[in-house]
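Residue numbers (my numbering): 48 to 483.
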């Protein structure tokens, strides 16, 4: 926007671009830089370090005027004076008189672009200089204000000559200082908002990252899939490391285990299909206890994923279904037979207690074997979801996909509740297993 440093040229101040448009252009550049960050960078970077870096990079150095270093110089010139007889034919409009030019050289520092900004609060006057020099290396910039007088005019002031010239300069320069102060006020407001603006841009960019977990420290886990399972595919992730000299560095972090949304959805679909099959042949499974019902689900899961195990010790207790990745939990599920609302709530709390900050996707599978009214069980589960979850959806009458807030870890946990009806009327068939 401005000419090269150290090159003197004439300039008219505060006329080129409105302040809000100038600041908007800088904000747009900052936004573009954030949007160009890769998914790996945005989930791994320290937001406050990046916000500080961006605020520093896109901040504007305000104009500083060094009044005590103003220099004055004097040169001879010809002063134009209006010809009082210019209305007569053949008369010139003006004539030249011997005079002097007093030049005030005003040093400044700061961003020279600011002299081109139109602040929202303005003085209706013309602001110009015949010599404008940008700051360069250790040298300050400068601009000049010129005042021309006839020799007769100055000599008529006698001993008050110097005071007369200084007062004229002070009056003129006061308007320049007010305009500079108006520009600097808008610069201060812009600079003060940069850190918060940078944080907002970083948060927005993070939301767009679709290749990584919502947890910045975690990468999605490619679960080992069985060759015969066509409905899942491992996700191969590569860590992208950037090492810019001026930007904050991305910390080197080992990937933590965090199951992908896709795999979590697929696991629950497998459990749902298996449970539906069990409902259709409830007499076959009615005599089974929790461990046996769990084993049927594990058998189905093992046709899709490797390393699905039962009764694996995890944190503070045992969990019924547990899928591992590199010795770290990737999925936790709890199988329970319905024995009333109180025990159901305890089962929910049990699986939540098993979770750690990295096990944020869990499931509870409920089997009904004793209650004739399966609908009453569904109603109680729905009531619990209404009262205890942040939100939930119900894709089927017997399935709830919940977002549960765990206050002690300050995280949202994805909790899926699946319920299946295995109730049978024992009086309708003869089987010693049901008539003990």
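Here a beta-carbon is modelled for each residue, glycine too, at the ideal position from N, C-alpha and C.
Item                                                                                                                                 : Value
Segment contact, 8 angstroms Cβ cut-off, at least three pairs: the stretch 61 to 73 with the stretch 179 to 194                      : no
Euclidean distance between Cα positions of residue 368 and residue 377                                                               : 11 angstroms
Cβ neighbours of residue 484 in the same chain (closer than 6 angstroms, five flanking residues each side left out)                  : What the structure shows of the chain is the stretch from 48 to 483, and residue 484 is not part of that stretch, so it cannot be assessed.
Candidates 121, 86, 190, 208, of which the one nearest residue 174 by Cα                                                             : 190
Distance CB(residue 143)-CB(residue 125) smaller than 8 angstroms                                                                    : yes
Backbone CA spacing between residue 422 and residue 247 [nearest angstrom]                                                           : 46 angstroms
Contained beta strand (DSSP E) runs [length at least 3] in the stretch 73 to 137, N- to C-terminal order                             : 118 to 129
Cβ pair count under 8 angstroms reaching 3, the stretch 321 to 339 against the stretch 387 to 403                                    : no
Per-residue DSSP class, three states only, for residue 452                                                                           : strand
Close Cβ partners of residue 145 (< 6 angstroms) along its chain, the five nearest in sequence each way excluded                     : 198
Inter-residue spacing [alpha-carbon to alpha-carbon] between residue 414 and residue 91                                              : 42 angstroms
Helix, strand or coil at residue 150 according to DSSP, with G and I counted as helix                                                : strand
Residue 285 classed as buried or exposed, judged by whether at least 16 other C-beta atoms fall within 10 angstroms                  : Note that residue 285 scores a pLDDT of 32, beneath 50, so its modelled location is shaky; the value from the coordinates is reported in the next line. Residue 285 should be labelled exposed.
C-alpha distance - residue 211 paired with residue 123, whole-angstrom precision                                                     : 18 angstroms
6 angstroms Cβ shell around residue 204 - same chain, five flanking residues per side excluded                                       : 211
Reference residue 153; option with closest CA among 95, 163, 179, 442                                                                : 179
Supposed close pair residue 465, residue 412 - CB separation, criterion 8 angstroms                                                  : 5 angstroms
Opposing strand residues paired with residue 380 [DSSP bridges]                                                                      : 368, 410
Which listed residue (103, 200, 382) has its alpha carbon closest to that of residue 237                                             : 103
Residues of its chain near residue 279, where Cβ-Cβ distance is below 7 angstroms and the 5 sequence neighbours each way are ignored : The predicted position of residue 279 is uncertain, since its pLDDT is 39 and thus under 50; a value taken from the coordinates is nonetheless stated next. Excluding positions up to five away in sequence, the list reads 272, 310, 313, 351.
Coarse secondary structure for residue 187, derived from DSSP in three states                                                        : coil
Contact under 8 angstroms by Cβ, residue 450 with residue 461                                                                        : yes
For residue 436 and residue 336, the rounded distance between their alpha carbons                                                    : 29 angstroms
Three-way DSSP call (helix, strand, coil) for residue 57 in this model                                                               : strand
Cβ distance (whole Å) where residue 333 is taken to contact residue 469 below 8 angstroms                                            : 6 angstroms
Cβ shell of residue 166 (< 6 angstroms), same chain only, five flanking positions each side left out                                 : 66, 229, 230, 233
Local conformation of residue 158 per DSSP, three classes                                                                            : coil
Rounded separation between residue 321 and residue 250 - CA only                                                                     : 40 angstroms
C-beta atoms of residue 162 and residue 58 nearer than 8 angstroms                                                                   : yes
Complete runs of the beta strand (DSSP E) confined to the stretch 170 to 218 [at least 3 residues]                                   : 175 to 180, 188 to 197
Residue 344 vs residue 384 beta-carbon contact at 8 angstroms                                                                        : no
C-alpha gap between residue 408 and residue 457, whole angstroms                                                                     : 15 angstroms
Neighbourhood of residue 177 by C-beta distance below 7 angstroms, restricted to the same chain and skipping five residues each side : 57, 191, 193
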